[in-house]
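To convert a position in the sequence shown, counted from 1, into our numbering, add 151. Written out below as structure tokens is the structure these notes cover.
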Amino acid sequence: MPDILRRINTNKVIDLTRELVRIPSENPPGNENKISEFIKEQLTKIGIPTKILEFSKRRPSVIGIISNDNKSKSLIFNGHTDTVPVGDYSLWKHEPYEANIEGGRIYGRGASDMKGGLAAMLIAAEALIETGVNGRLVLEFVADEEVTGYGTKDLLERGYKAEYAIIGEPTELKVQIAHKGVMNLRFIVKGKSAHASMPQTGVNAICKASKLCLTLQDLQTQLSNQRHPLLGEPTLNVGVIKGGVKSNVVPDYCELIVERRLIPGETKTQALHEVDKVLNKLHNGDPSFNANYEVLHYAEPSETPLESSLVKVARECVKEVTGSDFGASGFPATCDMRFFVNQGRIPSIILGPGSLHQAHAADEYIEIDQVVKAAQIYTLIALKLLT
Ligand SMILES: [Zn+2]
């Protein structure tokens with residue numbers, strides 16, 4: 152084991168992860184003040200110049216930079232400080248903000264997603280600063296990944312860039328080089344209300360929306376002809392349907408909320424074009440069909456080439472620490488990698504401790520051993536890339 156890795160002390164990793172879990176930072180509503188202050192203190196303590204930058208009022212991200220030479224190699228470590236809310240408290244056996252330890256795991260909201268990852272990045276930064284590192288390491292602890300991603304976007308727009316970026320989302324220490332995008336759509340189907348004893352005088356919006364559901368299902372079948380080698384097929388899901396007032400009223404309104412997951416290579420324009428085609432087809436076949444939609448949320452997919460030096464170095468470092476080469480895989484959810492790749496043109500990977508199965512779940516936990524290993528992996532990657 153390289154000498155520098157001996158500086159990564161398990162007890163320190165445990166203490167820091169627990170401290171981070173104990174600071175609630177739920178989003179919504181979006182409350183990253185306390186955790187940002189805490190991270191700033193940690194960085195200052197280890198001698199890293201640090202700034203707090205807000206993308207809007209009281210929505211702070213923390214940035215710390217270790218820089219010996221602006222002209223040499225550069226790398227970003229990026230992690231989000233917000234978590235999803237606790238959710239149904241009655242489903243938790245462990246208190247969500249006590250960070251209890253049991254069976255080598257730390258329990259609590261955000262343990263896997265992604266306070267374990269933040270702890271690993273902070274511990275790696277400390278090891279690197281103690282031994283000295285060449286180049287420029289930018290540490291970003293950003294607000295608001297769980298809702299919009301404005302934290303990371305804001306730092307990019309302020310000009311914080313590097314040759315490579317690592318996003319510490321939970322991947323069970325696997326190097327992940329692609330992730331899906333997501334688009335949420337609200338369809339509004341309009342009809343004409345009437346007395347249910349004379350339904351022929353109205354237009355039933357629920358029945359029209361049902362046609363729309365079935366046609367969207369056909370679209371889902373067509374989508375499954377496409378395939379990304381790491382992420383599989385694009386998908387579409389009708390998740391919500393709302394409409395109707397009473398059994399004796401022909402409903403004049405029905406709403407659908409649909410989620411479309413995109414694979415790298417697909418664009419928003421294409422995805423919307425498919426939806427337009429569905430609506431046109433229904434309208435052409437039935438003049439009383441009246442529907443439109445709005446995009447509620449969109450986050451694009453992104454991908455880094457397998458041949459990127461970042462991917463190669465990261466896989467070597469994972470192998471050195473864990474003894475296994477897991478190859479390069481895909482991250483099924485969305486994450487802030489899209490900003491680095493699509494807007495910043497920065498080759499990026501997702502690599503962190505913890506599991507996506509734990510993320511957002513009741514009794515979320517992280518394996519302590521994985522946080523220690525992640526800190527070691529981050530340290531090695533920085534050493535290799537920044538020299
Ligand atoms: Zn996350």
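C-beta atoms are modelled at their ideal positions from N, C-alpha and C, and glycine is treated no differently. Just so you know, these numbers come straight off a predicted model, no measurement behind them.
Classification of V396 by the beta-carbon crowding that lies within 10 angstroms, buried from 16 upward: exposed
Quick check on the burial criterion: 16 or more other C-beta atoms within 10 angstroms. Buried or exposed for Y516? Burial call: buried.
Range of the contiguous alpha helix (DSSP H) that encloses Y301: 301 to 308
Minimum C-alpha distance to P179 - residue among V293, V235, G283: V235
Apart from the five residues on each side of it in sequence, which residues of its chain come closer than 6 angstroms, Cβ to Cβ, to V132? Here the chain has residues from 152 to 538 only, and residue 132 is not among them.
Tell me which residues pass a beta-carbon proximity test against ligand 1: closer than 5 angstroms to any heavy atom, given in chain order. Listed by chain position, these are D264, M265, E320.
Given 8 angstroms, three or more beta-carbon pairs between the stretch 179 to 188 and the stretch 275 to 288: no
Applying the criterion that 16 or more other CB atoms from any shown protein chain within 10 Å of the CB defines a buried residue, is K266 buried or exposed? buried
Let me check one thing: in DSSP terms, what residues is E445 bridge-paired to? R337
Can you tell me where the alpha helix (DSSP H) holding G436 begins and where it ends? 419 to 436
Which term fits L447, buried or exposed, when burial requires 16 or more other beta carbons within 10 angstroms of its beta carbon? exposed
Around the Cβ of V367, are there at least 16 other Cβ atoms within 10 angstroms (buried) or fewer (exposed)? The question names Val, yet the displayed sequence has Leu at residue 367. Per the 10 Å Cβ criterion, buried.
Kindly indicate which residue of I257, G268, I203 has the alpha-carbon position closest to the one of N229. Here the closest residue by C-alpha is G268.
Cβ separation of V298 and G478, assumed to be a contact under 8 angstroms, to the nearest whole Å: Not a contact, Cβ separation roughly 32 angstroms.
Proximity of K312 and G503 at Cβ, strictly below 7 angstroms: no
Less than 7 angstroms between the beta carbons of G332 and L461, yes or no? For G332 and L461, no; Cβs fall outside 7 angstroms.
Does DSSP put Y258 in a helix, in a strand, or in coil? strand
Give the single residue among T420, K362, A294 whose Cα lies nearest to the Cα of V213. A294
From which residue to which residue does the beta strand (DSSP E) around A329 run? Element bounds for A329: 326 to 330.
Distance, F338 Cα to R309 Cα: 36 angstroms
Beta carbon of Y248, beta carbon of P175: below 7 angstroms? yes
Go to R210, then tell me how far its alpha helix (DSSP H) extends in each direction, as first and last residue. Careful: R210 lies outside any alpha helix (DSSP H), inside the beta strand (DSSP E) at 210 to 218.
Among all the DSSP beta bridges, which residues are the ones paired with I317? For I317, which the question treats as bridged, DSSP gives the partners F228, I500.
Three Cβ pairs or more, each shorter than 8 angstroms: is that satisfied between the stretch 256 to 263 and the stretch 434 to 453? no
Please state the DSSP three-state secondary structure of R169. helix
Contact defined as beta carbons within less than 8 angstroms: I believe I227 pairs with I317. What is the distance between those atoms, to the nearest angstrom? Yes, I227 and I317 are in contact; Cβ-Cβ is about 7 angstroms, under 8 angstroms.
Grouping DSSP H, G and I as helix and E and B as strand, with all else coil, what is V396? coil
Can you tell which of A533, Q521, H346, L536 has its C-alpha closest to the C-alpha of K325? Q521
For H330 and T418, what's the separation of their Cα atoms in angstroms? 14 angstroms
What is the C-beta distance between G436 and D264, in whole angstroms, given that I count them as a contact (C-beta under 8 angstroms)? Taking the Cβ atoms as the reference, G436 lies roughly 45 angstroms from D264, outside the contact range of under 8 angstroms.
With DSSP as the reference, label E518 as helix, strand or coil. strand
Say the cut is 6 angstroms; is the CB of N431 nearer than that to a heavy atom of ligand 3? As presented, the structure is devoid of ligand 3, carrying ligand 1 as its sole ligands.
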